[in-house]
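In what follows, a structure is listed as structure tokens, so that the remarks can point back to it.
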């Protein structure tokens with residue numbers, strides 16, 4: 025967009041490209057919201073990292089996270105460092121780590 029403003033590129037092609045990007049963003053957003061399979065393909069699925077009192081090291085490698093990354097997510101979402109109070113930990117589709125406390 026700045027190239028059109030300063031005159032480095034023609035105005036109409038730059039505006040057309042910007043419109044195409046906005047249109048693609050809207051189409052992808054709509055498809056993700058209305059088609060579960062497409063949403064999983066584009067954004068992925070949540071990854072369980074901790075269950076039954078054990079870290080899942082294979083999935084941790086797949087998610088490219090270490091134990092300290094998980095502990096940071098637990099402190100942030102469950103407000104504790106005591107792993108005996110944690111039931112499950114997931115890496116969400118957006119990359120955040122969330123923890124579910126035991127009841």
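In the numbering used here, the protein residues as written are 25 to 127.
A virtual CB, placed ideally from N, CA and C, is assigned to each residue, including glycine.
Remember, predicted model here, so these are calculated numbers, not experimental data.
Which residues mark the beginning and the end of the alpha helix (DSSP H) in which residue i is found?
i: residue 91; result: 91–101
i: residue 107; result: Premise fails: residue 107 is in no alpha helix (DSSP H) and is neither H nor E.
Just the C-alpha distance for residue i and residue j, rounded to the nearest angstrom, thanks.
i: residue 101; j: residue 88; result: 19 angstroms
i: residue 77; j: residue 111; result: 7 angstroms
i: residue 127; j: residue 39; result: 54 angstroms
i: residue 80; j: residue 73; result: 5 angstroms
i: residue 124; j: residue 91; result: 16 angstroms
i: residue 60; j: residue 46; result: 22 angstroms
i: residue 121; j: residue 44; result: 33 angstroms
i: residue 54; j: residue 113; result: 29 angstroms
i: residue 93; j: residue 84; result: 10 angstroms
i: residue 13; j: residue 82; result: For the chain, the structure presents residues 25 to 127; residue 13 sits outside this window and is missing.
i: residue 65; j: residue 75; result: 25 angstroms
i: residue 109; j: residue 51; result: 42 angstroms
Quick check: is the beta carbon of residue i nearer than 8 angstroms to any beta carbon in chain D?
i: residue 127; result: In the structure shown, chain D cannot be found, because there is only a single protein chain.
Enumerate in chain order the residues of its own chain whose CB-to-CB distance from residue i is below 8 angstroms, with the five nearest sequence positions on each side excluded.
i: residue 105; result: 95, 98 and 99
i: residue 86; result: 71
Is any non-hydrogen atom of the ligand SAH found closer than 7 angstroms to the C-beta of residue i, if you look at the structure I gave you?
i: residue 85; result: Although the ligand SAH was asked about, the structure shown includes no ligands whatsoever.
At what residues does the beta strand (DSSP E) containing residue i begin and finish?
i: residue 112; result: 110–115
i: residue 123; result: 121–125
Can you find the residues in the same chain that come closer than 7 angstroms, C-beta to C-beta, to residue i, ignoring five residues on each side of it along the sequence?
i: residue 62; result: 55 and 56
i: residue 107; result: none
(Q) Using 8 angstroms as the cut-off, can you tell me whether the segment 63–71 makes contact with the segment 112–127, which would need three or more C-beta pairs spanning the two stretches below that distance? (A) The segment 63–71 vs the segment 112–127: in contact.
**Q.** Length-filtered (4 minimum) alpha helix (DSSP H) runs lying within the segment 38–76
**A.** Segments of the alpha helix (DSSP H) lying fully in the segment 38–76: 60–67.
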